[in-house]
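Chains as they are written, first to last, in our numbering: chain A, 281 to 758; chain B, 604 to 920. Positions of the beta carbon are idealized from the N, C-alpha and C atoms, including for glycine. Notes follow once the structure below has been shown.
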């Protein structure tokens, strides 16, 4: 079958992006070395090539950055909303202008296919800034009372799966509402945030309004616990989210946490199979499954199980895994060796516990971090692969007979971030959606994002919402 | 005009359906600055021009109202960008049109640019502010969403030739309506030049159509036009009798009417304004615009859908 779909390589040019051999921390409008001079390397996960060396922030740097943000806060928060809006509109436009460069950069540093960074990440990043730009002078209309005030300095920690998009989700609403920020990107994907610092420079953003600290968890922890940080916004693992909730206990810091998920994608027997299969594939194999809202549990009605699985496996054999910069690539690299080891271990557990593993027959490149699209059948709710977030291209398939059973199984999770429903019956969509304990429910679609639409989880998937009018609340003293 | 060079005059034309026609009537009238100095001969549009403009606006309505709010926002922002680039030209035109100093005219133009930015931000937010889910007492999903009314005739304010114009036009198209604008009769040049900005801003032809001429002559066929869905009477602010006639004519197909903001209950102010032509529209166009001009030409659509039932108990989660 694969031979019928041979494609010549169609690589996107790397020449649009110029990565410097080293980068400093971006504090108070200047790039500066870490106080203790520490650095770390960032790799291309598809080739293991070293892309650059970046400064590793420590507690002293966090303090400097928070002080810069505090100093900038007074003037920034006092600006008329219409002026803050114009800065954010400028940022949105500059991101649009530089979107190809940033897409290639993101693909290099993260390992995800260029098709995704070019067609999903970057358009959403620009749109997010554009949307929140418009709110900056309309906060009186947002439903939080007259003249709502910002919180102050926001400490923001973002993950490696959508580095620039998560940056946009954090920075755009924070700035629109008049806060200043210190943002720490993940240690495996620091580059796009550093390029964003340059976007801020081009936009003429006042110094100190945005500060970028590259580093590890210790820097994140120092940021969370810094006494002059008023708000913590974190996207990442549930374990770290809980640690942050403990760290800020007893303070008056606000927090929003976007954590893990184990989304149920429910396929009823009347769903159009081909359409559902596309949705299942998007749900779990988009971004190599490294998506907190991934539809990682497929709940398929028993009567159509065989038909859906047959179509799904057939579809998975047509996915192209390989060079993320190739425009035909569907599945890119896993972000890091550490993540690959985690996925591998969980899949081994799945096999050991008796679930039946099937992986798409595809050749894995010899360098870099790769994992073939994989699914488990014969999975029960007790299996580890049905309970734990794998954060990789691994789908666990369970079955159900009645809608009630589907809902019960879907909700049988510590998580509650996303869910999918596939059926032609509108009333069933709404009835099931009503019962699902999940923050985002997609019906006959999956993994759709828009700056106007709130996103966030129930239960241990975190609290607070990002996006939309609702996303303003997290940065306002209301 | 320095160094004795003879400048090139511009022939001001209408902006209809994305093109720049002269009036089909072949008529022009003389436009002067407040001191009487000749500025230009501009088209004196006819009833036929008004009807042609409605046809163009109707034709553009499907695509424009169907465009995503994000797309409309991008285009309105693009208008601000293009206007910023032509700032000097508009400062000159507004100064001439309204008899303002360069610095005052510059402040007016800056405010007009910023007003496009303000409305660019509203395109994808007004639905979230005025729409929403309704918790009906039954097993139904119930959602109200604002939608544009259709073709809106806009009588631009007579006094504020650019800021006032932008303030009445931008909210109409931000929400997805298309517009037929009657420019200020005595100060139409900034409006006609704005057509050139709109034509280079990715705004589809026909979304905005701009006519110059005698307000009453053009307003009458627009107010009674059966394919016009709404009318903003701001430009009739100085003429209560005309405004009343137009509102009555608009009743024939129940056009949505935005009345002139001059209060009928304050005759002293009206008289004072009438004595000062620049303030005749009675509005402080630099004030916070609020949302009333956005909602004036919106319909609310409410969709019901049964939510069904999952059996007796449902889930305990």
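Item	Value
Between residue 639 of chain A and residue 656 of chain A, how many whole angstroms is the CB-CB distance? I'm expecting something under 8 Å.	Rounded, the Cβ-Cβ distance is 10 Å, inconsistent with contact.
At 7 Å on the CB atoms, spell out the chain A contacts of residue 910 of chain B, in chain order.	707, 710, 711, 714
In whole angstroms, give me the CA-to-CA distance for residue 524 of chain A and residue 499 of chain A.	13 Å
Please name the residues in the segment 667-692 of chain A whose beta-carbon is closer than 8 Å to at least one beta-carbon of chain B, in chain order.	682, 683, 684, 687, 688, 691, 692
For the beta strand (DSSP E) that residue 435 of chain A lies in, which residues bound it at each end?	433-437
Is the beta carbon of residue 438 of chain A sitting closer than 8 Å to the one on residue 515 of chain A?	yes
If you draw a straight line from the C-alpha of residue 886 of chain B to the C-alpha of residue 893 of chain B, how long is it?	13 Å
Give the secondary structure of residue 650 of chain A by DSSP, where H, G and I count as helix, E and B as strand, and everything else as coil.	coil
Closer than 7 Å by beta-carbon distance: list the chain B residues that pair up with residue 768 of chain A, in chain order.	Residue coverage of chain A in this structure runs from 281 to 758, which leaves residue 768 of chain A outside it and unanswerable.
Helix, strand or coil for residue 711 of chain B per DSSP?	helix
Do you know offhand how far residue 399 of chain A's Cα is from residue 834 of chain B's?	41 Å
Using 10 angstroms around the beta-carbon of residue 287 of chain A, count the other beta-carbons present and answer buried if the total reaches 16, otherwise exposed.	exposed
Interface residues of chain B around residue 421 of chain A at Cβ under 7 Å?	732, 894
Which term fits residue 711 of chain B, buried or exposed, when burial requires 16 or more other beta carbons within 10 angstroms of its beta carbon?	buried
Using a 10 Å radius around the Cβ and a threshold of 16 neighbouring Cβ atoms, would you call residue 355 of chain A buried or exposed?	exposed
Grouping DSSP H, G and I as helix and E and B as strand, with all else coil, what is residue 738 of chain A?	strand
Can you confirm whether residue 365 of chain A, when its beta carbon is compared against all beta carbons of chain B, has any partner nearer than 8 Å?	yes
Leaving out five residues before and five after residue 628 of chain B in sequence, what residues of the same chain have Cβ atoms less than 6 Å from its Cβ?	649
If contacts are defined as beta-carbon pairs under 8 Å, then residue 448 of chain A and residue 546 of chain A qualify, I think. What distance do you get, rounded to the angstrom?	Not confirmed; about 30 Å, so no contact.
Which residue's Cα is closest to the Cα of residue 737 of chain A: A:696, A:749, A:716, A:754?	A:696
Whose CA, out of A:424, A:625, A:642, lies closest to the CA of residue 597 of chain A?	A:642
Under the criterion of a Cβ to heavy atom distance below 7 Å, does residue 736 of chain A qualify as lining the ligand NAD?	Of the ligands one can find in the structure shown there are none, so the ligand NAD has no counterpart to examine.
Rounded to whole angstroms, what's the CA-CA distance from residue 654 of chain B to residue 623 of chain B? Just pull it up for me.	16 Å
Do the segment 466-473 of chain A and the segment 379-390 of chain A meet, that is, are 3 or more Cβ pairs less than 8 Å apart?	yes
Pull the bridge partners of residue 687 of chain A from the DSSP assignment, please.	DSSP lists no partner for residue 687 of chain A.
Would you kindly check if the distance between the Cβ of residue 563 of chain A and the Cβ of residue 727 of chain A is under 8 Å?	yes
Using a C-beta cutoff of 8 Å, does residue 417 of chain A count as contacting chain B?	yes
Name, please, each residue of chain B whose Cβ falls closer than 9 Å to the Cβ of residue 410 of chain A.	673, 676, 677, 680, 723, 724, 727
Can you pull out the residues from the segment 565-591 of chain A whose beta carbon lies closer than 8 Å to at least one beta carbon of chain B?	none
From which residue to which residue does the alpha helix (DSSP H) around residue 623 of chain A run?	617-632
Is the segment 407-418 of chain A touching the segment 343-352 of chain A in the sense that three or more CB pairs, one from each, lie closer than 8 Å?	no
Kindly indicate which residue of B:717, B:761, B:905 has the alpha-carbon position closest to the one of residue 864 of chain B.	B:761
In three-state DSSP terms, what is residue 566 of chain B?	The requested residue 566 of chain B is not part of the displayed model; chain B covers only 604 to 920.
Does the segment 792-811 of chain B come into contact with the segment 612-622 of chain B, if we say contact requires no fewer than three beta-carbon pairs (one atom in each stretch) closer than 8 Å?	yes
Would the segment 355-374 of chain A and the segment 456-466 of chain A be scored as touching if the rule is three or more Cβ pairs under 8 Å?	yes
Mind listing the chain B neighbours of residue 729 of chain A? Cutoff is C-beta to C-beta under 9 Å, in chain order.	Near residue 729 of chain A there are no residues of chain B at all, since even the closest Cβ is about 13 Å away, more than 9 Å.
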